[in-house]
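Chains as they are written, first to last, in our numbering: chain A, 14 to 518; chain B, 8 to 548.
Yeah, the Cβ is synthetic: ideal placement off N, Cα and C, and Gly gets one too.
This one's a predicted model, so the numbers in the text were calculated from it and none came from an experiment.
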């Protein structure tokens, strides 16, 4: 059965699974009514892996998963035999979709990353190609209190079209931003939260006075008492953007992601969160050697987002000895929930989230934990654990189809479904073909093998009936037969594989 | 036991040793004439693992046993093979074993770069400058004064690297600008490179002071850059056998390497084939292996540039090439000069190599000394073929990033290729060089498809990023497991002329084995133990 075809990004106005409050654009297209992916090995992340299972998608949501699911007569069936299906990967935080990672203002909770998002960034295309279906777009770490983040899909033409969830979280950085030292950084936090109280007092006082005015009464108490009486009357709409978001942060309306770049930052960060009351809504983003404060991290018990480089290497300044620490192992051993980040700046395999998970397995972390760290854990951290991160009935149909085990480095992402829509098809990825000059390698290998067999057969035939005047070995017809000549004395003129697109089926 | 090539090398080595009067290294030579490390009657048995890389026609064994006695593989078979009493048994359920990996072109780090590397290529700690006394000593010995602490190519090429003003130097080491010398007025008269009798400092040009202040010295520790033609020098003399770099190689499963010269000279030194661990006397398999020539921009990017040869000044006569034209000219001239010298004619022109260099060049032409040419871009690869055809040279092509653009010419000449390193994304931070921009993942696959003898190298990448991962990348590009394994074991062993000793799991070969905690080259497995000459040199089970 032919997989359905949708164009990349362009044709992708998106499904109506936008949640959360606030503005979002009207969706032009709807996902196909019913899609059934059949015959694949399914890694649901929750529960055991299923062989030869069917995933039924209705209007962008998964409605059934299992080996005994009947394909409805009106569903479009996609044959996935020999493939492996995983929930869409989730990048726990990234600023690479922004035109500039950091705002020059140190305290800017009134900002929205959506205003700086550039949907045309190659980064989003790469993310889709690598099977990432949700990206938590945040500002960088060079800030004190950053703007509101969003969760986006790597498809869509405008930030709003891409957005799945807005106002997701705010990032605080306890490690000093450029030009600040730690004293100034912490003083800025104190100042900001004190100023919030002052501001609240002033509007509360005004509110109280206003209420008295309405009743044509005169102000009967001092400003402090007035503020106290006015506070319960305050509504969110009385606050300006900056203070409202700070208030919501303290209230725990959304999560606070705190960057702790070094071990010395952990205890002030936890003290700050405790003091301001948002510790229960805190996610910690750790730096390369923050794991050294593992005791404090463990005590706080908050989920942790690991740095991009999972190894920390340090040379002892006296002995010169090098110690190597595998960070996820430390965090896992402390019993903390963690999420992995890809490293898109790397020239090496770390740019793939699945490879980061494989590294974890390679270094002694259970496979299940490693898989959760790139799917369910980040979903939970984003407060979207009920919608994303696993293949279960009721969840959003964000799925990645691999041609092998996702943690096997020889596997490729074949298709990506986002909200039940085919958002990526490797056969329609001319850029991948050009960047890697790699068409369907598996197919090519098969062709080469076939050609070699044919050539061998021919040779045998020729040997059996030698013709005169035909001394030179005849090159087999076409490009495909070339690898067969590999062993001959003079290799083929061109062993170059030309990407041939679009003839994959 | 030793290949004819190695024998020749050693003979010629002895001759040149006498000339150079280097007595100290002779001890290593004598060590070489013995067989190898021998542990008396020590038996190591590896059991319960799948065995890959037999290459002698024998199929892989799904679950088998390898017996190593006295540093050599003596038996190979299934689980029914009996275990000699008193043997040290390594048993790993679900594991596998391959021959020790061989890097055909390892760029060893003479200093320790890892602290810089671990932080994205930029050193965090301030770099130590050579002390005034050391500088003076170098100057007295006639050394190039940049041959000190280098910080590695990453830092050299990192765009974020900024120049520090000389004023930021700490007290005591800034004296080379003369500011603290009571007799600084006389510095100019003394001239660069000389030692001031008052302060004892080497007098440096402003540019050199800047280079030192910023820590940006050329990476010339493993290449001689007093001349662009130095095939009479030997990398073995520069190798620090106690460098932690060897430990990192071992942890990555690499047991034998070609210690390659850096590519900063057009015709560089002769490399060496060394072992990454074991007793000192068995570490050197060949102290005079291939000569490395490099085309492209390396010699003027990383090389001495317009530095002075020993004891002279920069003039129009000593100037070095600064374009590909110049590089090709230096290469061509060297061979013509060798021809002239051999015919007894006088050799003219600037930057004349010494007589010993001509001997090496003649040996390259006669095929006695193997040549490898490092070329990345298509045009440099084509230049390599043009020039080698001109002199009838046989060579091995190294790095060959853009080989996919000129596959026909490579295949036509039957040139072996040492390919790598492979980067998943050429635009990432590790693949910093402008000459690797147009690399393609499938190039390695195309080399195999064209039937070219291909070895894979990781060059300066280590451990997690090392040779095993390179093989894994090749497999992602479609290379079969057997080909990938061969490209990091037997093929490089053949290229280095040591395939009689190492490179496969065969009875009689050295007991160099890597034990993996899964199947080799899978993203979820890694080397957990390394056995060299029948001794467990790394164990992380």
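Measuring CA to CA, which of the options is closest to residue i?
i: residue 266 of chain B; options: B:258, B:253, B:273; result: B:253
i: residue 388 of chain A; options: A:75, A:94, A:100; result: A:100
i: residue 11 of chain A; options: A:354, A:206, A:401; result: There is no way to answer for residue 11 of chain A, as the model of chain A reaches only from 14 to 518.
i: residue 293 of chain A; options: A:342, A:400, A:282, A:204; result: A:282
i: residue 301 of chain A; options: A:343, A:394, A:225; result: A:343
i: residue 378 of chain A; options: B:90, B:279, B:373, B:532; result: B:532
i: residue 304 of chain B; options: B:386, B:363, B:479; result: B:386
i: residue 289 of chain A; options: A:202, A:320, A:340; result: A:202
i: residue 240 of chain A; options: A:216, A:248, A:313, A:277; result: A:216
i: residue 106 of chain B; options: B:362, B:73, B:395, B:336; result: B:73
i: residue 86 of chain B; options: B:401, B:75, B:55, B:60; result: B:55
i: residue 64 of chain B; options: B:360, B:489, B:411, B:263; result: B:489
i: residue 146 of chain A; options: A:175, A:375, A:158; result: A:175
Could you check whether residue j and residue i sit closer than 7 Å to each other, using their CB atoms as the reference points?
i: residue 416 of chain A; j: residue 431 of chain A; result: no
i: residue 49 of chain A; j: residue 97 of chain A; result: no
i: residue 419 of chain A; j: residue 367 of chain A; result: yes
i: residue 298 of chain B; j: residue 376 of chain B; result: yes
i: residue 495 of chain B; j: residue 459 of chain B; result: no
i: residue 221 of chain A; j: residue 242 of chain A; result: yes
i: residue 537 of chain B; j: residue 292 of chain B; result: no
i: residue 150 of chain A; j: residue 163 of chain A; result: yes
i: residue 334 of chain B; j: residue 280 of chain B; result: no
i: residue 452 of chain B; j: residue 485 of chain B; result: yes
i: residue 357 of chain A; j: residue 258 of chain A; result: no
i: residue 607 of chain A; j: residue 154 of chain A; result: Residue 607 of chain A lies beyond the stretch modelled for chain A, which goes from 14 to 518, so this question has no answer here.
i: residue 105 of chain A; j: residue 313 of chain A; result: no
Taking 8 Å as the limit between beta carbons, can you name the residues of its chain near residue i, skipping five residues before and five after?
i: residue 78 of chain A; result: 55, 57, 63, 66, 67, 68, 69, 404, 405, 406
i: residue 57 of chain B; result: 67, 68, 69, 70, 71, 102, 103, 104, 526
i: residue 408 of chain B; result: 383, 384, 442, 443, 445, 446, 450
i: residue 310 of chain A; result: 279, 297, 299, 303, 304, 317, 344, 347, 349
i: residue 367 of chain B; result: 238, 239, 277, 298, 376
i: residue 347 of chain B; result: 353, 354
i: residue 477 of chain B; result: 427, 428, 429, 463, 464, 465, 468, 495
i: residue 335 of chain A; result: 326, 327, 328, 329
Our contact map puts residue i next to residue j with C-beta atoms below 8 Å; I'd like the distance itself, whole angstroms only.
i: residue 229 of chain B; j: residue 250 of chain B; result: About 11 Å; that fails the 8 Å criterion.
i: residue 544 of chain B; j: residue 534 of chain B; result: Not really, about 11 Å apart at Cβ, beyond 8 Å.
i: residue 465 of chain B; j: residue 110 of chain B; result: 6 Å
i: residue 503 of chain B; j: residue 512 of chain B; result: 18 Å between Cβ atoms; not a contact.
i: residue 416 of chain B; j: residue 392 of chain B; result: 6 Å
i: residue 302 of chain B; j: residue 380 of chain B; result: 6 Å
i: residue 483 of chain B; j: residue 422 of chain A; result: 6 Å
Report all residues from its chain with a CB closer than 7 Å to the CB of residue i; omit the five preceding and five following residues, and keep chain order.
i: residue 413 of chain B; result: 385, 388, 389
i: residue 548 of chain B; result: 99, 535, 536
Output needed for residue i: all residues of its chain with C-beta closer than 6 Å, excluding positions within five of it in sequence on either side, in chain order.
i: residue 112 of chain A; result: 129, 131
i: residue 95 of chain B; result: 51
i: residue 338 of chain A; result: 325
Chain B contacts from the region 293-319 of chain A (Cβ-Cβ distance under 9 Å) = If the cut-off is 9 Å between Cβ atoms, the region 293-319 of chain A has 301 near chain B.
task = Anything in the region 423-445 of chain A with a Cβ closer than 7 Å to a Cβ of chain B? List those residues in chain order, please.
result = 423
query = Closer than 7 Å, Cβ to any Cβ of chain B: which residues of the region 396-425 of chain A, in chain order?
reply = 420, 421, 422, 423
query = What residues from the region 368-382 of chain A come within 7 Å of chain B, judged by C-beta to C-beta, listed N to C?
reply = Correct list: 368, 371, 374, 375.
query = Going along the region 509-535 of chain B in order, which residues come within less than 9 Å of chain A, judged by CB to CB distance?
reply = 524, 525, 528, 529, 530, 531, 532, 533
query = What residues from the region 475-496 of chain B come within 9 Å of chain A, judged by C-beta to C-beta, listed N to C?
reply = 476, 479, 480, 482, 483, 484, 485, 487
request  = Could you please tell me which residues of the region 162-192 of chain A, in chain order, have their CB closer than 7 Å to any CB of chain B?
outcome  = Residues of the region 162-192 of chain A with a C-beta less than 7 Å from any C-beta of chain B: none at all.
query = Looking at chain B, which residues of the region 349-363 of chain A have a Cβ within less than 9 Å of any of its Cβ atoms?
reply = 356, 357, 358, 359, 360, 361, 362, 363
ask   = Which residues, in chain order, does the region 323-354 of chain B contribute to contact with chain A at a C-beta distance below 8 Å?
value = Within the region 323-354 of chain B, no residue qualifies.
query = Listed from N- to C-terminal order along the chain, which residues in the region 110-142 of chain A have their beta-carbon within a distance smaller than 7 Å of any beta-carbon of chain B?
reply = Within the region 110-142 of chain A, no residue has its Cβ closer than 7 Å to any Cβ of chain B.
ask   = Using Cβ-Cβ distances below 9 Å, what residues of the region 329-348 of chain A are close to chain B?
value = Within the region 329-348 of chain A, the qualifying residues are 330, 333, 334, 335, 337.
ask   = Name the residues in the region 408-431 of chain B whose C-beta lies less than 7 Å from a C-beta of chain A; which are they?
value = 411, 414, 415, 418, 430, 431
inquiry  = Which residues of the region 272-292 of chain A have a Cβ closer than 8 Å to any Cβ of chain B? Give them in chain order.
reply    = Residues passing the 8 Å Cβ filter: none.
query = In the region 61-81 of chain B, which residues sit with their C-beta less than 7 Å from some C-beta in chain A, listed in chain order?
reply = Answer in chain order: no residues at all.
query = According to a CB-to-CB cut-off of less than 8 Å, which residues of the region 256-283 of chain B neighbour chain A?
reply = none
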